[in-house]
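The following block contains the structure:
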């Protein structure tokens with residue numbers, strides 16, 4: 001049964017993407033739980049990035065995951081509290097903190113890697129349809145990178161006045 005948000009079409013795009021994201025996160029957490037892995041899906045971008053890049057500054061992590069600096073710091077605090085990441089001061093720049101996985105973080109990744117394969121297979125199954133969601137998201141993100149939503153709206157406003 002459709003609701004008013006579903007019926008509103010493109011106007012509710014952000015709302016529907018958020019709804020989908022929340023559903024995927026909630027069910028992703030249940031997948032981890034079914035494997036007895038204590039892991040919040042919101043931690044994924046930081047953990048995955050550090051798994052591949054090993055040592056990064058807070059700013060570098062924020063850039064890699066595309067989050068704001070405050071959001072990244074908030075995630076890092078949670079991960080430090082869980083003892084999955086640790087930080088040390090950069091020898092060359094005392095103001096800069098370098099972040100890395102702890103031994104516990106590395107152990108967690110070993111448990112999660114087989115689960116990531118399953119999650120990727122399920123997500124491929126969900127998105128592999130006539131209108132491939134991942135391809136559409138990539139295209140939309142590229143368009144926004146070339147000209148922001150606000151720039152486009154202001155341009156349209158000008159053309160209509």
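In the UniProt record's numbering, the protein residues as written are 1 to 161. Backbone N, C-alpha and C fix where the C-beta goes; we use that ideal spot for every residue, glycine too.
Query: First through last residue of the beta strand (DSSP E) which encompasses residue 84; Result: First-last for residue 84: undefined, no H or E at that position.
Query: Opposing strand residues paired with residue 21 [DSSP bridges]; Result: Note: residue 21 sits in no beta bridge, so no partner.
Query: Bounding residues of the beta strand (DSSP E) (the contiguous stretch that carries residue 98); Result: 97-101
Query: Neighbourhood of residue 88 by C-beta, 6 Å cutoff - its chain only, sequence neighbours within 5 removed; Result: 98
Query: Backbone secondary structure at residue 148 - three-state DSSP; Result: coil
Query: Simplified DSSP state of residue 161, which is helix, strand or coil; Result: coil
Query: Contained alpha helix (DSSP H) runs [length at least 4] in the segment 33-95, N- to C-terminal order; Result: 44-53, 58-65, 69-81
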